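With my numbering applied, the sequence shown covers 2 to 106. Note that beta-carbon positions come from the ideal geometry of N, C-alpha and C, so glycine has one too. Quick caveat, the model's predicted, so the values are computed rather than measured. In what follows, a single structure is set out as structure tokens and then discussed.
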Amino acid sequence: MGHCPNCGEGRLFRSYLKVEPRCEACGHDLSAYRADDGPAYFTILIVGHLVVAPLLCFSFIWTWPAAAVVAVTFTAISVATLTLLPRVKGAFIGVQWATRATTAQ
Ligand SMILES: [Zn+2]
């Protein structure tokens with residue numbers, strides 16, 4: 002939801018995907034959570050199953066000109082990816098918080 006997993010009040014992201022180093026509400030160290038490539042991997046997995054695979058069921062994929070198919074599918078895939086990526090990253094950090102899987106010693 003874009004909030005600190007520890008208190009649920011402070012912002013999790015400074016910008017689109019940049020995590021705040023420390024929660025402004027409770028002071029929790031958010032820099033200890035390393036998402037790395039995990040959110041991108043899971044976003045690709047989700048978009049692949051929700052958008053790419055179902056697109057193969059629509060006949061326009063096979064009958065429209067290639068440029069039109071690329072324009073439609075690229076738009077759908079881009080919107081789904083850019084919408085899901087911060088949410089998946091937030092969920093990834095939330096799981097790390099819940100399992101205490103941090104880089105902090
Ligand atoms: Zn907090």
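| Item | Value |
| --- | --- |
| Whose C-alpha, out of I45, I94, A102, T100, is nearest the C-alpha of V20? | I94 |
| Whose C-beta lies closer than 7 Å to the C-beta of T44 among residues of the same chain, with five residues either side of it excluded? | T82, L85, L86, V89 |
| Can you confirm whether A26, when its beta carbon is compared against all beta carbons of chain B, has any partner nearer than 7 Å? | Absent from the structure is chain B; it holds one protein chain and no more. |
| Nearest-angstrom Cα distance between A72 and A92? | 30 Å |
| Quick check on R12: does DSSP put it in helix, strand or coil? | strand |
| Let me check you understand the geometry: is the CB of C58 closer than 6 Å to at least one non-hydrogen atom of ligand 1? | no |
| When DSSP labels each residue in this structure, what does H50 get in the three-state scheme? | helix |
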